[in-house]
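K.L.:
In our numbering, the protein residues as written are 11 to 251.
1) Let me confirm a value: residue 96 is counted as buried when at least 16 other C-beta atoms fall within 10 Å, else exposed. Which label applies?
2) Applying the criterion that 16 or more other CB atoms from any shown protein chain within 10 Å of the CB defines a buried residue, is residue 249 buried or exposed?
3) Quick test of your reading: residue 91 and residue 59, contact by CB under 8 Å. State the CB separation rounded to the nearest angstrom.
4) Closest to residue 137 by CA distance: which of 121, 147 and 111 is it?
5) Please tell me whether residue 129 and residue 154 are closer than 9 Å, where the distance is taken between their beta carbons.
6) When you compare the CB positions of residue 173 and residue 206, do they come within less than 9 Å of one another, or not?
7) Mind pulling the alpha helix (DSSP H) runs of 4 or more residues that sit fully within the region 77-140?
8) Would you kindly check if the distance between the Cβ of residue 158 and the Cβ of residue 208 is under 9 Å?
9) When DSSP labels each residue in this structure, what does residue 75 get in the three-state scheme?
10) Applying the criterion that 16 or more other CB atoms from any shown protein chain within 10 Å of the CB defines a buried residue, is residue 78 buried or exposed?
11) Under a Cβ-count criterion, where at least 16 other Cβ atoms within 10 Å of its own Cβ denotes burial, should residue 216 be classed as buried or exposed?
12) If I follow the unbroken alpha helix (DSSP H) through residue 163, where does it start and stop?
13) Rounding to the nearest angstrom, what Cα-Cα distance links residue 38 and residue 57 in this structure?
14) Please give the ranges of any beta strand (DSSP E) in the region 182-224, keeping only runs that are unbroken, at least 3 residues long and fully inside the region.
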């Protein structure tokens, strides 16, 4: 009897090797996605590349080493173009999810370590779709509200009081996400959170996390996480590693 062959989609490719995604594939994909929301990105990248080369030629003409400076300018021109692409890709990534319920959690998914965030909101207004998410880290508890400034403050304060009853004096930070007065734009949210000053030890963070987890969360769908860093080139890949 012939043996059955595995048809699982998760089965490894022939030879057991997994095809690696090269850094230039990631850059090309980031460029294509960015161009959909930012058509001018092509000309901006070309302008940066040409500008760096022109600067190198100018310096070379003044010093009498045109060819040498032109060759040296090429990698710097590529680096400048990729830097611009990374920034434009980051802006485009945030623009695609800005205003969607749960966008703040998608943005905070770029934080690598030191924070634990709920994937579901811990408080919600079904009528207005205002949401509050919670994170725990060394700075304490951070409550992040999504909604207009004149409304979300009440929901945040209500959740702050509920959280304060179980965290035994741990710091609680309130952040409103949005474009209104006193609010933090979505693209600046990760940086705002990382700038919070650490106050708790690792053991205290674990205890606070255990206590706030007992408060539960609201089951609502939120958009998938984004990775605005995706457009940045893999430097190990560029070195051939």
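The beta carbon of each residue, even a glycine, is placed where N, CA and C say it ideally should be.
As the structure is a prediction and not an experimental result, all values here were calculated from the model.
P.N.:
Put simply:
1) Residue environment analysis places residue 96 among the buried positions, since at least 16 neighbouring C-beta atoms fall within 10 angstroms of its C-beta.
2) Confidence in residue 249 is poor, its pLDDT being 39 and thus under 50, which makes the residue's placement unreliable; the coordinate value appears in the next sentence. Classification of residue 249: exposed, given that the 10 Å Cβ count is below 16.
3) Cβ atoms of residue 91 and residue 59 come within 8 Å of each other, at about 5 Å.
4) For residue 137, the closest alpha carbon among the candidates 121, 147 and 111 is that of 111.
5) It is not a contact, given that the beta carbons lie outside the stated cut-off.
6) Not in contact: residue 173 and residue 206 (Cβ atoms no closer than 9 Å).
7) Segments of the alpha helix (DSSP H) lying fully in the region 77-140: 113-118.
8) With respect to the 9 Å criterion, residue 208 and residue 158 are not classified as neighbours on the basis of their beta carbons.
9) Residue state, collapsed to three classes: coil.
10) Label assigned to residue 78: exposed.
11) By the 10 Å Cβ count, residue 216 comes out exposed.
12) Annotation for residue 163: the continuous alpha helix (DSSP H) segment containing it runs 159-174.
13) C-alpha separation (whole angstroms): 18 Å.
14) With a minimum length of 3 residues, the continuous beta strand (DSSP E) runs that stay inside the region 182-224 are 182-187.
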